[in-house]
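S.K.: Keeping their order, the protein sequence lines are chains E and X.
Converting from the first sequence to my numbering requires adding 407 to each position, the first position being numbered 1.
Converting from the second sequence to my numbering requires adding 5 to each position, the first position being numbered 1.
This structure is in structure tokens; I'll ask about it shortly.
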Amino acid sequence: MSGTRLIPTPYQVGVMMYDFTFGGINDDAFSGTIMTHLLASMQRVYGGFALAVAVGIPLGMLIGKVKVVRQMLDPTLSLLRPVPVTAGCRCR
Amino acid sequence: MIFFGLGPRSAIFLVFLGAFFPILLNTIFGVRSVDQRLFEAAAMLGCDGSGMFRQVVLPAATPSIFNGLRLAHGFAWILIVVGEMTGVPTGLGSVIMDGRTLSRTDLVITGMIVIGVAGFITDRIIVGISNRILRWSPATSWITFPATAPSDSRRARREQSVPDRRRRGRSAAPCQSGDRQGRVRVPDRRFRLRQVDAAADRRRLRAAERGEVRVYDHPVSGPGSDRGMGFQDYALFPWMTVRENIGFGPKQKGLTKPEDPRNRRRISEHGRACQVCRPLSASALGGMKQRVAIARVLANEANILLMDEPFGALDALTREQLQEELLQIWERTQVTVIFVTHSVEEATFLAGRVVVMTAGPGRIESDNRITLARPRDVSAPDFNDVRRELTRHLTSHVQRRELRTAA
Numbered sequence: 408m409s410g411t412r413l414i415p416t417p418y419q420v421g422v423m424m425y426d427f428t429f430g431g432i433n434d435d436a437f438s439g440t441i442m443t444h445l446l447a448s449m450q451r452v453y454g455g456f457a458l459a460v461a462v463g464i465p466l467g468m469l470i471g472k473v474k475v476v477r478q479m480l481d482p483t484l485s486l487l488r489p490v491p492v493t494a495g496c497r498c499r
Numbered sequence: 006m007i008f009f010g011l012g013p014r015s016a017i018f019l020v021f022l023g024a025f026f027p028i029l030l031n032t033i034f035g036v037r038s039v040d041q042r043l044f045e046a047a048a049m050l051g052c053d054g055s056g057m058f059r060q061v062v063l064p065a066a067t068p069s070i071f072n073g074l075r076l077a078h079g080f081a082w083i084l085i086v087v088g089e090m091t092g093v094p095t096g097l098g099s100v101i102m103d104g105r106t107l108s109r110t111d112l113v114i115t116g117m118i119v120i121g122v123a124g125f126i127t128d129r130i131i132v133g134i135s136n137r138i139l140r141w142s143p144a145t146s147w148i149t150f151p152a153t154a155p156s157d158s159r160r161a162r163r164e165q166s167v168p169d170r171r172r173r174g175r176s177a178a179p180c181q182s183g184d185r186q187g188r189v190r191v192p193d194r195r196f197r198l199r200q201v202d203a204a205a206d207r208r209r210l211r212a213a214e215r216g217e218v219r220v221y222d223h224p225v226s227g228p229g230s231d232r233g234m235g236f237q238d239y240a241l242f243p244w245m246t247v248r249e250n251i252g253f254g255p256k257q258k259g260l261t262k263p264e265d266p267r268n269r270r271r272i273s274e275h276g277r278a279c280q281v282c283r284p285l286s287a288s289a290l291g292g293m294k295q296r297v298a299i300a301r302v303l304a305n306e307a308n309i310l311l312m313d314e315p316f317g318a319l320d321a322l323t324r325e326q327l328q329e330e331l332l333q334i335w336e337r338t339q340v341t342v343i344f345v346t347h348s349v350e351e352a353t354f355l356a357g358r359v360v361v362m363t364a365g366p367g368r369i370e371s372d373n374r375i376t377l378a379r380p381r382d383v384s385a386p387d388f389n390d391v392r393r394e395l396t397r398h399l400t401s402h403v404q405r406r407e408l409r410t411a412a
């Protein structure tokens with residue numbers, strides 16, 4: 408029962424949730440696919456997160472402790488930081 | 006994606022960028038905001054270079070780093086939705102995007118709920134880890150407070166509420182007591198003056214152009230492991246247990262195990278520590294912390310103990326108790342103590358020699374030997390005579406100055 412109303416009822420969400428997890432109700436492209444999507448997203452999130460940790464923490468310590476590195480990198484980083492990362496994204 | 010192309014890789018890159026800056030900035034902040042006193046304390050205990058980084062900077066920066074991790078984790082989940090909106094066939098972001106295209110709001114909300122739950126669980130994991138690692142941190146201590154609170158925790162809280170008063174610029178009455186087989190002397194006026202200044206204001210010591218501190222005829226330029234320092238605010242390492250704090254100095258010398266029998270003896274001698282193995286946390290008593298700080302210096306086998314108003318923040322009873330303990334330690338170890346205090350009674354009670362300093366410019370007003378027999382009785386008439394005499398020295402220049410300003 409998926410209509411075009413803006414906000415679905417909690418019941419509809421519950422049904423969708425069940426279908427998304429176990430399938431067997433709507434039997435469309437999304438039925439029972441939760442693990443595929445969740446794992447794909449988690450891989451990307453924690454891949455990116457781990458990369459950020461691996462680069463960010465050592466670099467942050469270098470910048471924090473070593474004056475030369477700070478003077479070299481801080482202006483660039485300060486310029487880059489306020490730029491929203493989503494600006495590089497082409498969204499529909 | 007305009008810049009990074011389309012596909013899963015660009016989604017990862019987007020997440021990386023979003024998570025990178027919170028982590029970076031919080032790490033920088035954590036590293037740069039380490040308490041200067043901890044550096045001084047570590048240097049005083051013989052720690053330097055990479056050891057300093059590993060043992061002081063890293064643990065002290067950890068709370069801030071974890072803060073960054075939590076922020077970054079939140080951003081990562083936000084950005085995965087953005088990253089998966091185009092050109093990615095799988096992923097919760099693409100599910101949400103499909104739901105929007107097909108006007109299936111139930112699908113959109115389902116995707117949001119799944120992300121929310123996954124993000125929440127991971128966030129709890131991060132918090133759990135940080136609470137385990139950061140038991141000592143005031144930010145997390147409310148969680149562990151009942152576990153580490155001493156039996157008389159009410160008193161702990163009261164002592165903590167005593168504000169850290171740092172009264173500077175007033176004249177100080179330092180005293181030097183004890184002599185290690187006649188080898189340690191406070192050799193000349195200059196030494197004493199600068200040394201006292203150093204205790205009163207270490208920054209001024211660094212800026213001092215004239216004057217020089219000499220210990221055993223070697224000039225001194227900064228903290229060193231032959232001189233121990235007792236700080237008014239203790240400067241203990243809050244992430245270490247009492248045992249680790251005391252064992253810090255020996256560890257720098259390569260006596261790696263805090264279980265070293267020598268350390269154990271020291272701990273039992275000086276520590277009187279009931280919670281030796283627990284992190285100090287915010288719940289330890291002020292008097293307890295100062296005991297640990299003194300034990301830490303003594304375990305390092307320093308010959309000289311510099312104390313900068315060490316008992317200033319303690320309540321009167323604890324203060325008296327610690328004065329007694331300090332005298333016992335001094336009698337046993339014959340360590341030379343240079344002690345800065347504003348309490349004339351404290352000076353009279355402890356000292357073999359009292360040097361009265363004037364306030365800015367810091368000059369020596371007088372140098373007094375105190376020959377009262379030990380143990381001293383604070384209520385005895387001759388004790389009172391000495392105290393009155395010292396008080397006169399202490400206030401004389403103040404009056405002179407007031408007269409001068411009046412004239």
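Heads up, the beta-carbon is just placed ideally off N, CA and C, and yes, glycines get one too.
Please read these numbers as outputs of a predicted model, since none were measured by experiment.
Taking just the CA atoms, how far does I33(X) sit from M442(E)?
M.R.: Computed Cα separation, rounded: 37 Å.
S.K.: Under 6 Å Cβ to Cβ from T323(X), same chain only, skipping five residues before and after it: list those, please.
M.R.: Contacts found: G292.
S.K.: What does a CB cutoff of less than 8 Å around E394(X) pick up in its chain, not counting 5 residues either side in sequence?
M.R.: If we look at E394(X) and ignore the five residues flanking it on each side, its Cβ neighbours are N373.
S.K.: What do you reckon, is the C-beta of Q295(X) under 6 Å from a heavy atom of the ligand ATP?
M.R.: For the structure depicted, the ligand ATP is absent and the ligand set is empty, with no information on it obtainable.
S.K.: Assuming L50(X) and Q237(X) form a contact by the criterion Cβ under 8 Å, report the distance between their Cβ atoms to the nearest whole angstrom.
M.R.: That belief does not hold up - the Cβ atoms of L50(X) and Q237(X) are roughly 18 Å apart, past 8 Å.
S.K.: Compute the distance between the beta-carbons of I299(X) and R232(X), then report whether it is under 7 Å.
M.R.: It is not a contact, given that the beta carbons lie outside the stated cut-off.
S.K.: Taking 7 Å as the CB-CB cut-off, is V100(X) touching chain E?
M.R.: V100(X) counts as touching chain E.
S.K.: Counting pairs of beta carbons, one from the segment 100-118 of chain X and one from the segment 479-491 of chain E, are three or more of them closer than 8 Å?
M.R.: Not touching, per the Cβ criterion.
S.K.: For D313(X), which of I334(X), N305(X), F344(X) and D320(X) has the nearest alpha-carbon?
M.R.: Minimum Cα distance to D313(X) is reached at F344(X).
S.K.: Keeping to the same chain, check which residues put their C-beta closer than 8 Å to that of Q295(X); ignore five residues upstream and five downstream.
M.R.: Within the same chain, Q295(X) has close Cβ partners G235, Y239, P315, F316, L319 and L327.
S.K.: I need the straight-line Cα distance from I414(E) to G421(E), nearest angstrom please.
M.R.: Cα to Cα, the separation comes out at about 13 Å.
S.K.: Which residue's Cα is closest to the Cα of V119(X): I101(X), I131(X) and N136(X)?
M.R.: Ranking the options by Cα distance to V119(X), first place goes to I101(X).
S.K.: Give the single residue among P255(X), L30(X), N305(X) and I334(X) whose Cα lies nearest to the Cα of R488(E).
M.R.: Checked all of P255(X), L30(X), N305(X) and I334(X); the closest Cα to R488(E) is L30(X).
S.K.: Keeping to the same chain, check which residues put their C-beta closer than 6 Å to that of A46(X); ignore five residues upstream and five downstream.
M.R.: Contacts found: A240.
S.K.: Can you check whether the C-beta of L458(E) is within less than 7 Å of a C-beta belonging to chain X?
M.R.: Interface residue, yes.
S.K.: Which value, in whole angstroms, describes the spacing of the CA atoms of R195(X) and T353(X)?
M.R.: For R195(X), the predicted structure reports a pLDDT of 33, less than 50, and the residue's modelled location is therefore unreliable. A value from the coordinates is still provided. C-alpha separation (whole angstroms): 23 Å.
S.K.: With 8 Å as the limit, tell me which residues of the segment 418-431 of chain E have their beta carbon closer than that to any beta carbon of chain X; keep them in chain order.
M.R.: So the list reads Q419, V420, V422, M423, M424 and F427, given in the order they occur along the chain.
S.K.: Closest to A459(E) by C-alpha separation, out of R37(X), V20(X), R42(X) and T91(X), would be which residue?
M.R.: With distances taken between Cα atoms, A459(E) lies closest to V20(X).
S.K.: Which whole runs of the beta strand (DSSP E) in the segment 361-402 of chain X are 3 residues long or more, in chain order?
M.R.: Complete beta strand (DSSP E) runs here, min 3: 369-374.
S.K.: When the distance is taken between beta carbons, is V452(E) closer than 7 Å to A81(X)?
M.R.: Yes.
S.K.: Going by the beta-carbon positions, is the gap between V39(X) and V62(X) smaller than 7 Å?
M.R.: For V39(X) and V62(X), yes; Cβs fall inside 7 Å.
S.K.: Contact defined as beta carbons within less than 8 Å: I believe F456(E) pairs with A24(X). What is the distance between those atoms, to the nearest angstrom?
M.R.: Contact flag correct, Cβ pair sits at about 5 Å.
S.K.: Just to confirm before moving on: does the CB-CB distance between L112(X) and P68(X) stay below 7 Å?
M.R.: No, the Cβ-Cβ distance between L112(X) and P68(X) is not below 7 Å.
S.K.: Applying the 10 Å Cβ sphere with the 16-neighbour rule, what's the burial state of T363(X)?
M.R.: That one is buried.
S.K.: Quick one: does T443(E) have its CB under 7 Å from some CB of chain X?
M.R.: At least one chain X Cβ lies under 7 Å of T443(E).
S.K.: On the criterion of 16 or more Cβ atoms from any shown chain inside 10 Å, does M468(E) qualify as buried, or is it exposed?
M.R.: Label assigned to M468(E): buried.
S.K.: When DSSP labels each residue in this structure, what does V473(E) get in the three-state scheme?
M.R.: Coil, per DSSP.
S.K.: Between which residues of its own chain and F427(E) is the CB-CB distance below 8 Å, once the five residues before and five after are set aside?
M.R.: Answer for F427(E): F437, S438, G439, T440 and I441, listed in chain order.
S.K.: Along the alpha helix (DSSP H) that carries D313(X), what are the first and last residues, could you check?
M.R.: Per DSSP, D313(X) belongs to no alpha helix (DSSP H); it is in the beta strand (DSSP E), I309 to D313.
S.K.: One question on the structure: do P255(X) and A304(X) come within less than 7 Å of each other, judged by their Cβ atoms?
M.R.: Yes, these two residues count as a Cβ contact at 7 Å.
S.K.: List the residues that DSSP assigns as beta-bridge partners of R109(X).
M.R.: Beta-bridge pairing links R109(X) to no other residue.
S.K.: Using 8 Å as the cut-off, can you tell me whether the segment 120-139 of chain X makes contact with the segment 72-87 of chain X, which would need three or more C-beta pairs spanning the two stretches below that distance?
M.R.: Yes, since at least three Cβ pairs between the segment 120-139 of chain X and the segment 72-87 of chain X fall closer than 8 Å, the two stretches touch.
S.K.: If you draw a straight line from the alpha carbon of T493(E) to that of V297(X), how long is it in whole angstroms?
M.R.: T493(E) and V297(X): Cα-Cα distance of roughly 52 Å.
S.K.: Grab me the residues of E89(X)'s own chain with a C-beta within less than 6 Å of its C-beta, minus the 5 sequence neighbours each way, in chain order.
M.R.: Hits under 6 Å: A16, G96, G98 and S99.
S.K.: Indicate the three-state DSSP secondary structure (helix, strand or coil) for V36(X) in the structure shown.
M.R.: Reduced to three states, the DSSP call for V36(X) is helix.
S.K.: Using a Cβ-Cβ cutoff of 7 Å, what residues of the segment 448-480 of chain E are near chain X? List them in chain order.
M.R.: Flagged, chain order: S448, M449, R451, V452, G454, G455, F456, L458, A459, V460, V462, G463, I464, L466, G467, M468, I470, G471 and K472.
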